[in-house]
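The block underneath contains the structure these notes are about, expressed in structure tokens.
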Amino acid sequence: MSAHSTIPLKLTGIERDVLRSRRELNMQERREQVFNAAREILIARPDDFSMRNLATEAGVSVRTIYNLVGERSDVLLAIVTRLGVHLHDVRRSSHENVFHRLLDEIEEARNVDLVNNEGLAAIRALRLLGPSYLARRVHTLLQAEYQPDFALAMEQGDLRADVASEDLTAMLAGLVTHAANCWSNDGDALAYRERAAHALAMTLLISATAENRSRCLAVLNARSDTATA
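So, in structure tokens, the structure goes:
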């Protein structure tokens, strides 16, 4: 053996664990770098979203993105999952009466600040995944959020019993999807909140019992007056 030859060192179990942890930490940091770059592109210039532009923004190679995250659709789905989509998630009041609480949500929606750039990035990611992704996501969210409320409001006698709660949810989802599409195009968060609140008001209006219809109309008229003021 020559004087310059080296003897390979055998790592202990603890040393191997430390190296593995460092590699995993480095990979996680680089993933965050990719996700942050994806979010910035989706917010600032969504039409330019591509793997090549993402790699340039993140300062890594396209191959690195494939190794760390996956394909373009994997990156977009990760943005949706990580950031979430608060399509219409307003404060809940303490009303025991569901119908009154829903009316409160409509009136308070203007002041709720849950629709932000992260939500916009997620909405645009859904749109880039394909036309049906956004609609399915909205329907799933609203089905969990509002369908039980609609059913309970029917039991409490404030909504007509001859209208199925799932039909109301589907109608609301269609209106909110349209609002989300508009938000994705114009980036106007205030206008989105207004459209989403109006969608809920319209859904309640067509399903309310006769004695409650005037309350829905009053809320709608108040919102119309505010919007034109």
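Quick note on my numbering: the sequence shown kicks off at 20 and runs consecutively. By construction, the Cβ of each residue, glycine as well, lies at the ideal position given by its N, Cα and C atoms.
Item, Value
"Can you tell me whether Ala141 is helix, strand or coil according to DSSP?", "helix"
"Where does Asn45 land, buried or exposed, given buried means 16+ other C-beta within 10 angstroms?", "exposed"
"How about Ala128 and Glu48: are their beta carbons less than 9 angstroms apart?", "no"
"Is DSSP giving Ala227 helix, strand or coil here?", "strand"
"Checking the sheet assignment: what are the DSSP bridge partners for Leu178?", "Ala227"
"Tell me which same chain residues have a C-beta within less than 7 angstroms of the C-beta of Met20, skipping the five on either side of it?", "Residue placement at Met20 is flagged as unreliable, the pLDDT there being 49, under the threshold of 50; the coordinate-derived value follows with that caveat. There are no such residues."
"In the DSSP assignment, the alpha helix (DSSP H) including Arg156 goes from what residue to what residue?", "150 to 164"
"According to DSSP, is Gly78 part of a helix, a strand, or is it coil?", "coil"
"Select from Tyr85, Ala220, Ser92 the residue whose C-alpha is nearest the C-alpha of Ala241.", "Ala220"
"Using a threshold of 9 angstroms, state whether the C-beta atoms of Val117 and Asp168 are closer than that.", "yes"
"Our contact map puts Leu148 next to Leu95 with C-beta atoms below 8 angstroms; I'd like the distance itself, whole angstroms only.", "5 angstroms"
"For Thr31, which three-state DSSP category applies?", "coil"
"Taking 7 angstroms as the limit between beta carbons, can you name the residues of its chain near Val18, skipping five residues before and five after?", "There is no way to answer for residue 18, as the model of the chain reaches only from 20 to 248."
"Below 7 angstroms CB to CB, which residues in the same chain sit around Tyr165 once its five sequence neighbours on both sides are set aside?", "Thr188, Leu191"
"Rounded to the nearest angstrom, what separates Asp181 and Arg232 at their Cα positions?", "15 angstroms"
"With DSSP collapsed to three states, give me the class of Asn116.", "coil"
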